[in-house]
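Peer 1: Take a look at this one; I'll ask things after.
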Amino acid sequence: MAGELADSSSRKKEALFANREEFARIVPLLRERGYAVIGPTIEQGAIVYAPIDSVEQLPIGWTDRQEAGMYRLERRADDAWFGYVVGPFSWKQYLFPPHTKMSESLLTAEGWEFRAVEDDAPMYAFLGVRACDLAALAIQDRVFMNGPYVDPVYEKRRRRALTIAVNCTQAAPTCFCASMGTGPHCRYGFDIAVTELSDGFLLEVGSERGEEIVSGLATSAATELQMAEAHQRRARAVAQITRKLDTHDIRNVLLSQLEHPRWQHVAERCLSCANCTMVCPTCFCCSVEEVADLAETRVERHRSWDSCFNWNFSYMNGGIVRQDIRARYRQWLTHKLASWIDQFGVSGCVGCGRCITWCPVGIDLTEEVAVIRGEAT
Amino acid sequence: MAEKPRLAVLKFASCDGCQLALLDLEERLLELGESVEIAFFLEASSRIEPGPYDVALVEGSITTPHDKERIHEVRRQSRFLITIGACATAGGIQALRNWADHEEFLRAVYAQPQYIAALEKSTPISDHVRVDFELRGCPINPSQLYEILRSLLHGRRPRTPAHSVCLDCKRRGTVCVTVARGIPCLGPVTQAGCGAICPTYDRGCYGCYGPAAQPNLVSLTSHLISTGVSQQEVVRTLRGFNGYSPEFRAESDRLAPP
Ligand code: SF4
Ligand code: SF4
Ligand code: SF4
Ligand code: SF4
């Protein structure tokens, strides 16, 4: 149903199989239906999400090696299409863009004239959404679309977007979705979910829109053997997840440790550079600025990504509230893992590991939490 | 501010690149010409109007005994004194001589060093006179300059970013060169302003906009050294266009005591 977010959990359809050649047709099929297809592709030495017009642009035969503060692309031994995990960017780039012009106002003879800016973003088809990112989309849905204040930019883009999920068949050492209960298996929130097999793809349909797309491909009912292979590949990802975050009573644990010496310890390492919040698929902070011409008769309102790590982000009423890095790191971690639960009913972390990899000094939130819990030193 | 405030653009030891940023405003400069009187701007016009000025944009660092006197006269003549660029704000690239033997440099460069009247150190304007606002950058960002002038015209505080270059990197979709390629980058400790140009073109940030608010230099340099970057290279990275800014200077001096 167009305009409805995929609710794949309520649909239990049998899995289908498409060979590689057939599955490749999904990109032109989506394009014919007016979608701008965004998928993983290699740019600037990393796998990013960018517009693609053919599966040829996928990182076929490539993988990523990730550690705290380190990311490298490497050749695979095979020609897998989805043999890597998540990169520095996430789908929020497209749904909650880094810069948006929100409105403009003009001083006319009759006074100020206010105009909303119509968002002209295309209808997106996201190809290759991982389980952690499905969870992140669901979290940002709560942030931007629940409650009395709905964000029009996010809502319009999100309702029109089609989500093609990919089950992970391997994990990086930075992944901890299992601890956060978000992955690696895609269970909800997709229009189509894909598991890559040795000779093709296992497809699960999660919505009517997804069904309509899949019906355009020549598929067959998946055999028991194919189902078993998919299961075994997904199990490999589960087995590869080694990083853990103990979420038991985490809200109370963190909020009762606001004076723990570890906050000072991490403040000595943290650069307050904001990279972790930028790469996090759930962080939603922004700042809004009015930009005027010299005579101040034409004013535009711009919204840009911002972060609690910025020194003056907590400026209010004549002063900056979070004056040092200790206070800012504590804000980030306690918002993600504790006060987010009060605010939105879920954790703000989906365990994707991006903030660990893309921190220039390799700070790892799972390690910080373990120390604050008293599990490690 | 007066009906048509008077603007002066003055030069000390510098390359003129920041003054050019004013010319780079193009049609916005024409717009500006309607609101302010450009009284002194040798880069654009040989017409010289004497002071006093409402706004003086000062480019360049203090490197000669004569300039050391002249800056006081500029201060006396100007209601608002705004430094533009890394030279005026932090001593500039020419402040590299502050770590070297000045006499030796003079002998090496000039056939007749006895005719050269230069100070031993290149110093920022604020070491000599009170500065009302320091606009960072090597060179400055024309849009930020425009914002400063606009804010002065309307009597409000200028808005320039205090965040790191990293934030702009991510906003524009640039992949981190340090994490993905091991290239040392000053972005995490540098104030934004350029829009993250260098990482976007495969280089580490050179720190052109000077130290960000509360830069954690010790953590960044320790991490770079632990990942195999030599201490010498880290020191060289810190001693760039803003190498003589108090924060960058303190860190490079900690690693390589002068
Ligand atoms: S906090 Fe880190 S691991 Fe958790 S969702 Fe954000 S980027 Fe991913
Ligand atoms: S962690 Fe910081 S940047 Fe992220 S949503 Fe919370 S306050 Fe905003
Ligand atoms: S935790 Fe890392 S990425 Fe986040 S602000 Fe600190 S140094 Fe930057
Ligand atoms: S390339 Fe440099 S400025 Fe950009 S995110 Fe990395 S460390 Fe920061």
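Chains as they are written, first to last, in the numbering used here: chain A, 1 to 377; chain B, 378 to 635.
Where is the CB? At the ideal position from N, CA and C, for every residue including glycine.
Which residues have their C-beta within less than 5 angstroms of a heavy atom of ligand 2, listed in chain order?
Peer 2: Thr277(A), Cys283(A), Cys285(A), Ser307(A), Cys308(A), Trp332(A), His335(A)
Peer 1: According to DSSP, what are the bridge partners of Ala172(A)?
Peer 2: Looking at the DSSP assignment, Ala172(A) forms no beta bridge with any residue, so it has no partner.
Peer 1: Roughly how many angstroms separate the alpha carbons of Val291(A) and Ser520(B), rounded to a whole number?
Peer 2: 11 angstroms
Peer 1: Use the C-beta contact count for Gln568(B): other C-beta atoms within 10 angstroms, 16 or more gives buried, fewer gives exposed.
Peer 2: With 16 or more other Cβ atoms within 10 Å, it is buried.
Peer 1: Is there contact between the stretch 82-98 of chain A and the stretch 54-74 of chain A, where contact requires at least three CB pairs shorter than 8 angstroms?
Peer 2: Result yes; three or more Cβ-Cβ pairs closer than 8 angstroms.
Peer 1: Is the beta carbon of Ala398(B) sitting closer than 8 angstroms to the one on Gly587(B)?
Peer 2: no
Peer 1: When burial is assigned at 16 or more other CB atoms within 10 Å of the CB, is Asn619(B) buried or exposed?
Peer 2: buried
Peer 1: Can you list, in chain order, the residues of its chain whose CB lies under 7 angstroms from that of Ala173(A), leaving out five sequence neighbours each side?
Peer 2: Per the sequence shown, residue 173(A) should be read as Pro rather than Ala. Closer than 7 angstroms at Cβ, skipping near neighbours: Gln66, Glu67, Thr242, Arg243.
Peer 1: Leaving out five residues on either side along the sequence, give the residues of the same chain with a beta carbon under 8 angstroms from the beta carbon of Trp62(A).
Peer 2: Ile42, Ile47, Leu73, Glu74, Arg75, Arg76, Gly83, Tyr84
Peer 1: Put Asp306(A) into one of helix, strand or coil per three-state DSSP.
Peer 2: coil
Peer 1: For the stretch 410-427 of chain B against the stretch 305-312 of chain A, do three or more pairs of beta-carbon atoms, one drawn from each stretch, fall closer than 8 angstroms, so that the two count as touching?
Peer 2: no
Peer 1: Do Phe284(A) and Phe143(A) count as a contact pair if the criterion is CB distance below 8 angstroms?
Peer 2: Sequence inspection shows Val at residue 143(A); the Phe mentioned does not correspond to that position. Yes, they are a contact pair.
Peer 1: Can you tell me the Cα-Cα spacing of Thr577(B) and Arg527(B), whole angstroms?
Peer 2: When rounded, the distance between both Cα atoms is 29 angstroms.
Peer 1: Below 8 angstroms on C-beta distance, what does Gln591(B) contact in chain A?
Peer 2: Ser272, Trp311, Asp324, Ile325
Peer 1: Which parts of the stretch 449-481 of chain B are runs of the alpha helix (DSSP H), unbroken and 4 residues or longer, counting only runs that do not cross its ends?
Peer 2: Runs of the alpha helix (DSSP H) lying entirely within the stretch 449-481 of chain B, each at least 4 residues long, are 463-467 in chain order.
Peer 1: Would you check whether ligand 1 has a heavy atom nearer than 7 angstroms to the C-beta of Arg354(A)?
Peer 2: yes
Peer 1: Cutting at 8 angstroms between CB atoms, please list the residues of its own chain near Asp393(B), excluding the five before and the five after it.
Peer 2: Glu420, Glu436
Peer 1: Would you say Arg558(B) faces chain A, with C-beta separation under 8 angstroms as the test?
Peer 2: yes
Peer 1: Does chain A have any CB closer than 8 angstroms to the CB of Tyr586(B)?
Peer 2: no
Peer 1: How would you list, in chain order, the residues of chain A whose beta-carbon sits under 8 angstroms from the beta-carbon of His531(B)?
Peer 2: Glu296
Peer 1: Residues of chain A with CB under 7 angstroms from Cys543(B), in chain order?
Peer 2: Cys273, Ala274, Asn275
Peer 1: Enumerate in chain order the residues of its own chain whose CB-to-CB distance from Gln257(A) is below 7 angstroms, with the five nearest sequence positions on each side excluded.
Peer 2: Ile372
Peer 1: Exposed or buried, Asn252(A), counting other C-beta atoms within 10 Å across all chains shown (16 or more means buried)?
Peer 2: exposed
Peer 1: Under a CB-based cut-off of 8 angstroms, is Val566(B) close to chain A?
Peer 2: yes
Peer 1: What are the start and end residues of each continuous beta strand (DSSP E) run of 3 or more residues lying completely inside the stretch 57-94 of chain A, in chain order?
Peer 2: 62-67, 70-75
Peer 1: Classify Trp332(A) as helix, strand or coil using the three-state DSSP reduction.
Peer 2: helix
Peer 1: Could you check the C-alpha separation between Thr247(A) and Thr366(A) for me, to the nearest Å?
Peer 2: 10 angstroms
Peer 1: Do three or more CB pairs link the stretch 483-501 of chain B to the stretch 465-472 of chain B at distances below 8 angstroms?
Peer 2: The answer is yes - the stretch 465-472 of chain B touches the stretch 483-501 of chain B, with three or more Cβ pairs under 8 angstroms.
Peer 1: Closer than 8 angstroms, Cβ to any Cβ of chain B: which residues of the stretch 60-71 of chain A, in chain order?
Peer 2: Look at the stretch 60-71 of chain A: the residues with a C-beta under 8 angstroms from a C-beta of chain B are Gly69, Met70, Tyr71.
Peer 1: Can you give me, in chain order, the residues of the stretch 88-109 of chain A that have a beta carbon less than 9 angstroms from any beta carbon in chain B?
Peer 2: Pro88, Phe89, Gln93, Pro98, His99
Peer 1: Could you name the residues of the stretch 392-415 of chain B whose beta carbon sits closer than 9 angstroms to any beta carbon of chain A, in the order they occur along the chain?
Peer 2: Arg405, Glu408, Leu409, Glu411, Ser412
Peer 1: Taking all protein chains shown into account, do 16 or more other C-beta atoms lie within 10 angstroms of the C-beta of Arg322(A), making it buried, or fewer, making it exposed?
Peer 2: Of the residues assessed, Arg322(A) falls on the buried side of the cut-off, its CB having 16 or more other CB atoms within 10 angstroms.
Peer 1: Can you confirm whether the stretch 450-464 of chain B touches the stretch 406-419 of chain B when touching is taken to mean that 3 or more C-beta pairs between the two stretches lie within less than 8 angstroms?
Peer 2: no
Peer 1: Using a C-beta to C-beta distance shorter than 8 angstroms, which residues of chain A count as neighbours of Ala539(B)?
Peer 2: Asn310, Trp311, Asn312
Peer 1: In chain order, what residues of the same chain have a beta carbon less than 7 angstroms from the beta carbon of Arg269(A), not counting five sequence neighbours either side?
Peer 2: Val361, Ile363
Peer 1: Between Glu208(A), Ile164(A), Cys175(A), Leu217(A), which has its C-alpha nearest Thr195(A)'s C-alpha?
Peer 2: Taking each of Glu208(A), Ile164(A), Cys175(A), Leu217(A) in turn and checking the Cα distance to Thr195(A), the smallest one comes out for Ile164(A).
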